[in-house]
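Protein sequences appear in the order of chains A and B.
Start counting the first sequence at 1; every next residue gets the next number (our numbering).
Start counting the second sequence at 223; every next residue gets the next number (our numbering).
A quick write-up on the structure given underneath.
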Amino acid sequence: MTPGPIDGAITALDHSLRGPRRARADLLGEVRDGLTDATAPYQEAGLSRAEAERRALADFGDLDEVADDLQAELTARHGWRSALLITIGFPVLVVLWDVVWLTDTVPPKELTPTVAFLSDAIDGVAGVAALIGIAAAIGLCLSARRGWPVNRFTKGIGLLGYCTVAVIGTLSTLMQTNDLHRAGRVMDVPLVLAVTAVSVLAAVWVLAWSSRCLGVARATRA
Amino acid sequence: MNADSIRGHLDGLLLAVLEDGPLHGYGIIEALQRRSGGALEMPTGTVYPALRRLERARWIAGDWDTVGGRRRRTYTLTRAGRRALEEQRAEWIRFSGVVGSVLGGAP
Numbered sequence: 001m002t003p004g005p006i007d008g009a010i011t012a013l014d015h016s017l018r019g020p021r022r023a024r025a026d027l028l029g030e031v032r033d034g035l036t037d038a039t040a041p042y043q044e045a046g047l048s049r050a051e052a053e054r055r056a057l058a059d060f061g062d063l064d065e066v067a068d069d070l071q072a073e074l075t076a077r078h079g080w081r082s083a084l085l086i087t088i089g090f091p092v093l094v095v096l097w098d099v100v101w102l103t104d105t106v107p108p109k110e111l112t113p114t115v116a117f118l119s120d121a122i123d124g125v126a127g128v129a130a131l132i133g134i135a136a137a138i139g140l141c142l143s144a145r146r147g148w149p150v151n152r153f154t155k156g157i158g159l160l161g162y163c164t165v166a167v168i169g170t171l172s173t174l175m176q177t178n179d180l181h182r183a184g185r186v187m188d189v190p191l192v193l194a195v196t197a198v199s200v201l202a203a204v205w206v207l208a209w210s211s212r213c214l215g216v217a218r219a220t221r222a
Numbered sequence: 223m224n225a226d227s228i229r230g231h232l233d234g235l236l237l238a239v240l241e242d243g244p245l246h247g248y249g250i251i252e253a254l255q256r257r258s259g260g261a262l263e264m265p266t267g268t269v270y271p272a273l274r275r276l277e278r279a280r281w282i283a284g285d286w287d288t289v290g291g292r293r294r295r296t297y298t299l300t301r302a303g304r305r306a307l308e309e310q311r312a313e314w315i316r317f318s319g320v321v322g323s324v325l326g327g328a329p
């Protein structure tokens, strides 16, 4: 079947929007439903399907302007989800590592003052990142009420993700290299290996979503 | 009334239409045109991102429903949305009173 005017418009919108595929599909599905509904009065008045779709699209307005507004919502949504990931993810990792220390597999008494300090610093950075994530999520909610630009919040969340992974990664590396003999023994423990793998995957996840935050923020005009 | 004069009041208009009960996107557009007697001329495309923004503001709640055999996104006014609507109504009464007293002339 030959694509009609509405199909062409939805395709054009899809190509111009940046953001998670499912969120884009959700938005565009709603827009397509609305445009399809809008053709009904014109068809009832005797117009052909194609002409009714063209009239509905004329009523719809400038596609570029609608795309800008839809992009803002996609940017806000991705920023919100990324803020939640940072707010929940880093404290969860701190708890997982606390479980490792509490299992007596690596007794706390073996920690040097430097390693203990670095461990506390990681906890602190994770806590601060979580608080900033909560503030950013609240900011995104308020931006809908106050008209604040969403791209700044989402860009900030992306930078928060990058910085938190970089700082915690650096502190963790310093912890391991501070006492290489202990580090070697610790990495022989299956629980430590498992939590290390989870931590690395979480870091990759945060970096990927943070990259997308910066990408969608760049694509947003408002 | 053209789109520019409506844009600043779109939130209040959308909230007011939902006050009577849940509606999907095109139903909201129809309700706006019906209640304004066709006087509101605005691009219908502006409604969809505005609805998502109001949902983000927690003033309305959106959910996918099956209406007439088709999957539709339906919106409902929340308690916070009702409070926001009352505030916007009060603000509009104040605003229109001020503008009316400056412009003067017969109503």
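For every residue, glycine included, the Cβ atom is placed at its ideal position computed from N, Cα and C.
Within the same chain, 237, 281 come within 7 Å of residue 306 of chain B by CB-CB distance, once the 5 residues on both sides are set aside. Between the region 299-317 of chain B and the region 42-61 of chain A there are fewer than three C-beta pairs closer than 8 Å, too few to call the two in contact.
Judged by DSSP secondary structure, residue 40 of chain A falls outside any beta strand (DSSP E) and instead within the alpha helix (DSSP H) spanning 21-44. Listed by position along chain A, the residues whose Cβ is nearer than 7 Å to that of residue 297 of chain B form an empty set, because the closest Cβ is around 10 Å away. Runs of the alpha helix (DSSP H) lying entirely within the region 138-221 of chain A and spanning at least 4 residues, in chain order: 150-178, 180-186, 190-218.
What residue 253 of chain B touches in chain A, judged by beta-carbon distance under 8 Å, is nothing: the nearest beta carbon there is about 13 Å away. Contact of residue 37 of chain A with chain B by beta-carbon distance below 7 Å involves 248. At a beta-carbon threshold of 9 Å, the residues of chain A lying near residue 266 of chain B are 34, 35, 38, 56, 59, 60, 61, ordered along the chain. Below the 9 Å Cβ cutoff, chain A contributes no neighbours of residue 312 of chain B, its closest Cβ being approximately 16 Å away. Classified as exposed, residue 41 of chain A has fewer than 16 neighbouring CB atoms from the shown chains inside 10 Å of its CB.
Of all C-beta pairs linking the region 270-284 of chain B to the region 3-23 of chain A, fewer than three are shorter than 8 Å, placing the two stretches out of contact. Taking 9 Å as the Cβ-Cβ cut-off, the region 273-301 of chain B approaches chain A at 273, 274, 275, 276, 277, 278, 279, 280, 281, 284, 286, 292, 293, 294, 295, given in chain order. Looking at the DSSP output, residue 298 of chain B sits in a beta bridge with B:283. Distance check between residue 215 of chain A and each of A:86, A:165, A:154, A:189 places A:154 closest, using alpha-carbon atoms only.
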